[in-house]
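Taken in sequence, the protein lines are chains A and B.
Under this note's numbering, the first residue of the first sequence carries the number 51, and numbering increases by one thereafter.
Under this note's numbering, the first residue of the second sequence carries the number 51, and numbering increases by one thereafter.
A short worksheet on the structure shown next.
2 protein chains.
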Amino acid sequence: MATSVKPPYLLFLADAEDRLAAKTAFGLHYWRSEQCVGQLRFPECRVSLDLPDLLLEDAVAQGARTLVVGLAPAGGQLPQRWVSTLAAALQSGLDLASGLHTRLSGIPQLAELARSLGRKIHDVRYPTGEFTAGSSRRRSGKRLLAVGTDCAVGKMFTVLALEREMRTRGLSADFRATGQTGILIAGAGVAVDAVISDFVSGAAETLSPDNDSHHWDLIEGQGSLFHPSYAGVSLGLLHGSQPDALVLCHEAVRVVNGDFADLKLPSLTECAELNLRMARMVNPGAQLVGVSLNTYGLSEEEARRTLAEASDLLEVPSVDPVRTGVKSIVDRLDQQVGRTAAIA
Amino acid sequence: MATSVKPPYLLFLADAEDRLAAKTAFGLHYWRSEQCVGQLRFPECRVSLDLPDLLLEDAVAQGARTLVVGLAPAGGQLPQRWVSTLAAALQSGLDLASGLHTRLSGIPQLAELARSLGRKIHDVRYPTGEFTAGSSRRRSGKRLLAVGTDCAVGKMFTVLALEREMRTRGLSADFRATGQTGILIAGAGVAVDAVISDFVSGAAETLSPDNDSHHWDLIEGQGSLFHPSYAGVSLGLLHGSQPDALVLCHEAVRVVNGDFADLKLPSLTECAELNLRMARMVNPGAQLVGVSLNTYGLSEEEARRTLAEASDLLEVPSVDPVRTGVKSIVDRLDQQVGRTAAIA
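Okay, structure coming up:
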């Protein structure tokens, strides 16, 4: 696997103005709090995680191995002040990890310092592995992939919630990250949208290699087959993942594409059907096992009705991972695909 | 556009053993003979184009601007003898162009020589442009894309034949290349399978920019929506191309995927339907205008019957570009899409 970031983490919040700006840090803390020893903030920072403020030396003393950049700088360019802090982190003994477009390893001061000190810089947006075209070979173990009607409809959140629920039940399951925030959460993964297009399916194959027959790889989806900018990425990921199970993700109130206001989103039925059709080219047993709706903004009753409608329509459990949890999908997964696999 | 190779060309055949080994050179000469001044061969070369053997100096004297590597070395590594010849070509005043995996610009001797002499090295397999994600904005002018049941079923050949026929009729049409051989033939293009996956649709958009309303971009297809290794590339190209017209390409006798013997190819109907469905996400008016079958190996009667069956099935003209030419597709294009566009 291309990237492997060492926990525990010190989360760098810099001068974040709100939670949205620091969503990477919030996501990492939400899903991997046991791996986060503290936060590092500039005095004017306006957000806080439920973590102690630590100086670099204290974080290292408490076991931190990596400083994770948990926000994006306003404007894009990395402020010199950040670079100074990142350099100090390297000097204090920490590796660096970042999901920013700007490569930390492309900043000469940081690159030279890391080299001379033997530290690692993980620019997780940029895969470092060598990939090849997909072989289409079937692999042992089981795989679930989140697919969606659009970008940013909760695919990563859904898959992480499934991992948490499955692990709570003692099932063998691993989140497999395909985007920068997911990679920082998992500590490993491949940012498939940054892979050479010829090798996307092959990269997806390396992401979920052969495994025990009862093991589940829970693969973070990217984009949508219905998003005209990114559908190719989604399809390459789908084919390389060879999923046994699909979970369809959607934001309940969204009716048009988030990037293109004149582009209607597909119906849940249409989206499920096309994804299953494409998945069955590489895995004839692929099945839909659940719908995950982000019902934020709906009343409790509206949400309940919306979820019930989706269940009726697609004949699978529907959940909002935040509002209802994902237990019913894990139940279904166990019954439907578990048995299917055992019989097959 | 990322790549722009200057004609006229001197075609480097080195020690090619057969036509297949030198298929790039043969393709370039077949489609752009007016741009080829001669061939350059080692004494043991076993193939010949219908071109004079020229020394480097003579080629330059006759106007050649670029030496094109027209074959792949057996084994993959570039023999030192080739490097010597390529260096001599730079010294004699020629640029270099190559579609090899091995980058000529990655060979220090050639890179330094080119820099000191002010010559260009075009490694057309590797796009050099800066691309972004597709905008999905509709562009003026008309576009045709070749799609296929598999890789290597004649998509490039079909599109080049269409260009030749349309230009013969005085229509305004340009071949738009998306693979290395096509780029060498066109002198420009983008090898979309080497573009970062996030940017394939965007790269396809730059390949066929706004144009006159009667102008046709004839876009070389890549892979197949039904090829599990490359379907993502094909879909990104399809979405970025926003084709008004699709031509479906297939090798008549092929029933399983060329890379995966246990994978049945789709029927022509299924392949047309899925490509049209995906194309209509970005261009609701997308239509199938023809089927192009490679009927090599069939008798004249078998070929005629196979072509007739395809026409009946899909209700569009069917051709074998080699056996029948592509006139009937151009007729259809003019009637069907031309009128549609004029009415719309």
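Backbone N, C-alpha and C define an ideal beta-carbon position, used for all residues, glycine too.
Taking just the CA atoms, how far does residue j sit from residue i?
i: A:Arg-82; j: A:Ala-223; result: 15 Å
i: A:Asp-412; j: A:Gln-127; result: There is no way to answer for residue 412 of chain A, as the model of chain A reaches only from 51 to 394.
i: A:Glu-365; j: A:Glu-351; result: 20 Å
i: B:Gln-89; j: B:Gly-347; result: 30 Å
i: A:Val-110; j: A:Leu-146; result: 13 Å
i: B:Ser-291; j: B:Leu-154; result: 30 Å
i: B:Ala-71; j: B:Leu-121; result: 6 Å
i: A:Leu-257; j: B:Ser-247; result: 16 Å
i: B:Leu-150; j: B:Leu-61; result: 14 Å
i: A:Cys-409; j: A:Leu-234; result: No answer is possible for residue 409 of chain A: the residues shown for chain A start at 51 and end at 394.
i: A:Gly-77; j: B:Ala-254; result: 34 Å
i: A:Asp-200; j: B:Pro-371; result: 40 Å
i: A:Glu-67; j: B:Lys-170; result: 48 Å
i: A:Ala-302; j: A:Thr-356; result: 8 Å
i: A:Leu-262; j: B:Gly-271; result: The question names Leu, but residue 262 of chain A is Asp in the sequence shown. When rounded, the distance between both Cα atoms is 39 Å.
i: A:Met-216; j: A:Pro-158; result: 43 Å
i: A:Asn-344; j: A:Lys-73; result: 17 Å
i: A:Pro-93; j: A:Thr-152; result: 24 Å
i: B:Glu-107; j: B:Asp-260; result: 41 Å
i: B:Glu-84; j: B:Leu-101; result: 11 Å
i: B:Leu-144; j: A:Leu-313; result: 49 Å
i: A:Tyr-80; j: A:Tyr-59; result: 13 Å
i: B:Arg-189; j: B:Ser-251; result: 14 Å
i: A:Leu-349; j: A:Lys-377; result: Note on residue identity: the sequence assigns Ser, not Leu, to residue 349 of chain A. Approximately 21 Å, taken between the alpha carbons.
i: A:Lys-192; j: A:Leu-160; result: 41 Å
i: B:Gly-125; j: A:Trp-266; result: 40 Å
i: A:Gly-156; j: A:Arg-165; result: 12 Å
i: A:Ala-358; j: A:Gln-385; result: 20 Å
i: A:Ser-317; j: A:Val-242; result: 26 Å
Please name the residue or residues paired with residue i in a DSSP beta bridge.
i: B:Tyr-59; result: B:Cys-86 and B:Thr-116
i: B:Val-203; result: According to DSSP, which records beta bridges pairwise, B:Val-203 is partnered with nothing at all.
i: B:Val-341; result: B:Leu-298 and B:Ser-368
i: B:Lys-192; result: B:Trp-266
i: B:Asp-145; result: B:Thr-116
Once the 5 residues before and after residue i are set aside, which same chain residues still bring their CB inside 6 Å of it?
i: B:Cys-299; result: Ala-196, Gly-198, Val-203, Gly-204, Lys-205, Thr-208 and Ser-342
i: A:Glu-213; result: Ala-223, Phe-225 and Leu-268
i: B:Arg-330; result: Ala-336
i: A:Val-55; result: Thr-116, Ala-147, His-172 and Gly-237
Starting from the C-beta of residue i, find all residues in its chain whose C-beta is less than 8 Å away, skip the five residues before and the five after it, and write them out in chain order.
i: A:Ala-394; result: Here A:Ala-394 scores only 38 on pLDDT, less than 50, and its place in the model is too uncertain to base an answer on.
i: B:Leu-275; result: Val-197, Ala-281, Ser-284, Leu-285, Leu-288, Cys-321, Leu-324, Asn-325 and Met-328
i: B:Met-51; result: Because B:Met-51 sits at a pLDDT of 48, beneath the cut-off of 50, its placement in the model cannot be relied upon, and the following sentence gives the value as read from the coordinates. So the list reads Gly-179, Ala-238, Gly-239, Val-240, Thr-256 and Leu-257, once near-sequence residues are dropped.
i: B:Thr-319; result: Leu-363 and Leu-364
i: B:Asp-103; result: Gly-88, Gln-89, Leu-90 and Arg-91
i: B:Arg-69; result: Phe-76 and Val-97
i: A:Pro-293; result: Arg-193, Leu-194, Leu-195, Ile-269, Ala-329, Asn-333 and Ala-336
Quick test of your reading: residue i and residue j, contact by CB under 8 Å. State the CB separation rounded to the nearest angstrom.
i: B:Val-87; j: B:Ala-114; result: 5 Å
i: A:Arg-304; j: A:Leu-315; result: 6 Å
i: A:Pro-481; j: B:Gly-273; result: The structure shown does not extend to residue 481 of chain A, since chain A is modelled only from 51 through 394, so no value can be given for it.
i: A:Pro-57; j: A:Thr-135; result: A:Pro-57 to A:Thr-135, Cβ: 20 Å. No contact.
i: A:Thr-119; j: A:Pro-177; result: The identity of residue 119 of chain A in the sequence shown is Val, whereas the question assumes Thr. The pair is not a contact, with the Cβ atoms about 18 Å apart (cut-off 8 Å).
i: A:Ala-137; j: A:Leu-163; result: 6 Å
Taking its Cβ as the centre, do 16 or more other Cβ atoms sit within 10 Å of residue i, making it buried, or is it exposed?
i: A:Gly-249; result: Going by the sequence as given, residue 249 of chain A is Phe instead of Gly. It is buried - the Cβ of A:Phe-249 has at least 16 other Cβ atoms within 10 Å.
i: A:Ala-211; result: buried
i: B:Gln-230; result: buried
i: A:Val-306; result: exposed
i: B:Ala-392; result: In this prediction, B:Ala-392 scores a pLDDT of 44, lower than 50, which makes its location untrustworthy; the coordinate-derived value is nonetheless stated afterwards. Exposed: under 16 other Cβ atoms inside 10 Å.
i: A:Ala-311; result: exposed
i: B:Thr-218; result: exposed
i: A:Ala-360; result: buried
i: A:Leu-140; result: buried
i: A:Arg-175; result: buried
i: B:Pro-403; result: An answer regarding residue 403 of chain B cannot be provided, because it is not within the stretch 51 to 394 covered by chain B.
i: A:Leu-99; result: buried
i: B:Thr-182; result: exposed
i: A:Leu-105; result: exposed
Give every residue of the same chain whose Cβ lies closer than 7 Å to the Cβ of residue i, excluding the five residues on either side of it in the sequence, and list them in chain order.
i: A:Ala-295; result: Leu-194, Gln-337, Val-339, Leu-383 and Val-387
i: B:Ile-379; result: Leu-212, Val-297, Val-339, Gly-340, Pro-367 and Val-369
i: A:His-264; result: Ser-222
i: B:Ser-186; result: Val-332
i: A:Leu-63; result: Ala-72, Ala-75, Gln-89, Leu-90, Arg-91, Cys-95, Val-97, Gly-120 and Leu-121
i: A:Gly-308; result: Asp-200, Cys-201 and Ala-202
i: B:Arg-373; result: Thr-345 and Ala-353
i: B:Pro-123; result: Pro-129 and Trp-132
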